[in-house]
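>
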Amino acid sequence: ILAEKRLLVTGAAGFIGSNFCHYWLKNHPQGILAAYDVLSYAGNHHNLDGLESHPGFHFVQGDINDAALVESSLRAHDINVIVHFAAESHVDRSIHDPDAFIQTNIVGTHTLLKMAKSLWLDGPEGPVPHRFHHISTDEVYGTLGPKDPAFREDTPYAPNSPYAASKAGSDHLVRAYQHTYGLSTTTSNCSNNYGPYHFPEKLIPLIIVNILHNKALPIYGDGQQIRDWLYVEDHCRGIVAILEQGREGESYNIGGCNEWANIDIVQLVCRKMDALFASNPRWSEQYPQAAPALGRNSEELIQYVRDRPGHDRRYAIDADKITRELAFEPAVDFPTGIQRTILWYLEHPQWWQQVMDGSYRHWLDTQYGAV
Ligand code: NAD
Numbered sequence: 008i009l010a011e012k013r014l015l016v017t018g019a020a021g022f023i024g025s026n027f028c029h030y031w032l033k034n035h036p037q038g039i040l041a042a043y044d045v046l047s048y049a050g051n052h053h054n055l056d057g058l059e060s061h062p063g064f065h066f067v068q069g070d071i072n073d074a075a076l077v078e079s080s081l082r083a084h085d086i087n088v089i090v091h092f093a094a095e096s097h098v099d100r101s102i103h104d105p106d107a108f109i110q111t112n113i114v115g116t117h118t119l120l121k122m123a124k125s126l127w128l129d130g131p132e133g134p135v136p137h138r139f140h141h142i143s144t145d146e147v148y149g150t151l152g153p154k155d156p157a158f159r160e161d162t163p164y165a166p167n168s169p170y171a172a173s174k175a176g177s178d179h180l181v182r183a184y185q186h187t188y189g190l191s192t193t194t195s196n197c198s199n200n201y202g203p204y205h206f207p208e209k210l211i212p213l214i215i216v217n218i219l220h221n222k223a224l225p226i227y228g229d230g231q232q233i234r235d236w237l238y239v240e241d242h243c244r245g246i247v248a249i250l251e252q253g254r255e256g257e258s259y260n261i262g263g264c265n266e267w268a269n270i271d272i273v274q275l276v277c278r279k280m281d282a283l284f285a286s287n288p289r290w291s292e293q294y295p296q297a298a299p300a301l302g303r304n305s306e307e308l309i310q311y312v313r314d315r316p317g318h319d320r321r322y323a324i325d326a327d328k329i330t331r332e333l334a335f336e337p338a339v340d341f342p343t344g345i346q347r348t349i350l351w352y353l354e355h356p357q358w359w360q361q362v363m364d365g366s367y368r369h370w371l372d373t374q375y376g377a378v
């Protein structure tokens, strides 16, 4: 579509955004990529470590609500593609404090769209080639019963949490900017991601880190909530497929064809952790407080807790469209992806320790001033 893509990636220091930046620059070592992130509690500058060596990599600390900074960043790097990940992303937090979700996910997305329109469509030379890709979630479609068919791109939106509603609002704005003004947009709605750099408030990293501390593994309700899971690098590959060949104005579901109940995932992680500790004494030496190092079966740590209010029962993705149109299929099967993820956390204790003890926040304050 665009021969040379010069990217502004919002939310670049978060879980998926940082994986995407690594993936993109691995495949476009000379490419221009401006990583834009406010560095909220979920953003970690260390997630981008190693990318400074790329000549076209730039980091901008900023809020997507800051129209002037968005505009100057787009101009400074002559950006022609926005890949928009920035969001408040944690459902539980959205239940306790929805305001931040409305501000970033809806108002912030609108600010980006406005600035993209003003630069790419309304400039003195008239419209210039561009693309705005919006990253969204399968949660906009609501919940499914056990026998319901999986979500398709034309499934009506029925968001149930403030998070899902705010993402649905942003999806509609992206659609409206395409339909009304002719902004060249695409949207992807993806299922649950897992992999490196995942913030330890989310299920899989939480389970890994709690096993390493011999702490309880909390399971909401009966643990039978079903989600589709996708390895984060596969999500990045899907986004690239859309950037390369996706049709303007279209949305694409991205999924793993991989439905799991929460309790089954937790048990899988427990078994894999116990097997890794049993097969390599290095892990018990490095993590003497881990349940398997103490001779415990990690599954003993499972503890059922009160369910999340309004907890959706099942999400499932029908990803036939992206497979058919863009020949995209996930490459990493779940047991392999889980094994890779566990090994990444075992090998990067400094990463999750910094995230959890707040020392990287201190580093940030000294680098950039208090956020
Ligand atoms: P994350 O919480 O790990 O990262 C979000 C990033 O956005 C953080 O680095 C944060 O600092 C930044 N950010 C937040 N508010 C900002 C603002 N106002 N201005 C600039 N930056 C801001 O989230 P994630 O899991 O990486 O999710 C990324 C995107 O993918 C989100 O849009 C989310 O809705 C979507 N998504 C996530 C999943 C998943 O399983 N994690 C699945 C489908 C879709």
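Count the sequence shown with full-length UniProt numbering and you get residues 8 to 378, in order.
In this text, a Cβ means the ideal position worked out from N, Cα and C, and glycines have one as well.
This structure is a prediction, so every number in the text was calculated from the model and none was measured.
Does the contact criterion of 3 or more C-beta pairs under 8 Å hold for the segment 151-166 versus the segment 108-122?
Result no; under three Cβ-Cβ pairs closer than 8 Å.
> Would you grab the beta carbon distance between Phe22 and His205 for me? Rounded to a whole angstrom, and I think it's under 8 Å.
For the purposes of this step, residue 22 is identified with residue 15 of the sequence shown, where counting begins at 1. For the purposes of this step, residue 205 is identified with residue 198 of the sequence shown, where counting begins at 1. Yes, they are in contact, since the Cβ atoms of Phe22 and His205 sit about 5 Å apart, within 8 Å.
> Under 8 Å by Cβ, that's how I've got Ile215 and Tyr201 pegged, so tell me the actual separation to the nearest angstrom.
If you number the sequence shown from 1, residue 215 lands on position 208. If you number the sequence shown from 1, residue 201 lands on position 194. With a Cβ gap of about 10 Å, Ile215 and Tyr201 do not count as contacting.
> Please give the ranges of any beta strand (DSSP E) in the segment 244-323, keeping only runs that are unbroken, at least 3 residues long and fully inside the region.
Segments of the beta strand (DSSP E) lying fully in the segment 244-323: 258-261, 266-268 and 309-312.
> Could you tell me which of Pro337, Ala19, Leu350 and Gly38 sits nearest to Asp281, measuring between CA atoms?
Taking the first residue of the sequence shown as 1, we reach residue 281 at position 274. Among Pro337, Ala19, Leu350 and Gly38, the Cα nearest to that of Asp281 is on Leu350.
> Could you please give the first and the last residue of the uninterrupted alpha helix (DSSP H) stretch that includes Asp340?
The residue you call residue 340 lines up with position 333 of the sequence shown. It is not in any alpha helix (DSSP H) - Asp340 carries neither H nor E in the DSSP assignment.
> Measuring CB to CB, does Thr193 end up less than 8 Å from His91?
Within the sequence shown, numbered from 1, the residue matching residue 193 stands at position 186. Within the sequence shown, numbered from 1, the residue matching residue 91 stands at position 84. No, Cβ-Cβ distance for Thr193 and His91 is not below 8 Å.
> Does the structure place the segment 28-39 close enough to the segment 61-71 that three or more beta carbon pairs sit under 8 Å?
Touching, per the Cβ criterion.
> Just grab the DSSP bridge partners of Gln357 for me.
Taking the first residue of the sequence shown as position 1, residue 357 is located at position 350. The partner list for Gln357 (beta bridge, DSSP) is empty, contrary to what the question assumes.
> Could you say which of Ala323, Ala298, Arg254 and Ala334 lies nearest to Ser191 if we only look at CA atoms?
One-based indexing of the sequence shown puts residue 191 at position 184. Ranking the options by Cα distance to Ser191, first place goes to Arg254.
> For the 8 Å Cβ check, are there 3 or more pairs between the segment 171-186 and the segment 125-141?
Yes, they touch.
> Would you identify the three-state DSSP class for residue 6, choosing helix, strand or coil?
Residue 6 is absent from the structure shown; the chain starts at 8 and stops at 378.
> What is the rounded straight-line gap between the Cα of Leu213 and the Cα of Asp129?
Counting from 1 along the sequence shown, the entry for residue 213 is found at position 206. Counting from 1 along the sequence shown, the entry for residue 129 is found at position 122. In a straight line, the C-alpha of Leu213 is about 46 Å away from that of Asp129.
> If I measure Cβ to Cβ from Gln346 and keep anything under 7 Å in the same chain, skipping five residues before and after, which residues do I get?
Within the sequence shown, the letter at position 339 stands for residue 346. Contacts found: Lys279.
> When burial is assigned at 16 or more other CB atoms within 10 Å of the CB, is Val312 buried or exposed?
For this step, residue 312 is matched to residue 305 along the sequence shown. Exposed, because fewer than 16 other Cβ atoms sit within 10 Å of the Cβ of Val312.
> Lys222 to Thr116, Cα distance in whole Å?
Mapped onto the sequence shown, residue 222 falls at position 215. Mapped onto the sequence shown, residue 116 falls at position 109. Answer to the nearest angstrom: the Cα atoms are 38 Å apart.
> Considering only their Cβ atoms, is the gap separating Ala171 from Ala147 smaller than 8 Å?
Start at 1 with the first residue of the sequence shown, and residue 147 comes out as number 140. Start at 1 with the first residue of the sequence shown, and residue 171 comes out as number 164. Before going further, note that residue 147 is Val rather than Ala in the sequence given. Yes; because the gap between Cβ atoms is below 8 Å, this pair is in contact.
> Can you tell me whether Tyr48 is helix, strand or coil according to DSSP?
Translated into positions along the sequence shown, residue 48 becomes position 41. Reduced to three states, the DSSP call for Tyr48 is coil.
> For Leu55, which residues of its own chain have a beta-carbon under 7 Å away from its beta-carbon, when the five flanking residues on both sides are left out?
By 1-based counting over the sequence shown, the position of residue 55 is 48. Hits under 7 Å: Ala19, Ala20, Ser25, Cys28, Ala42 and Phe66.
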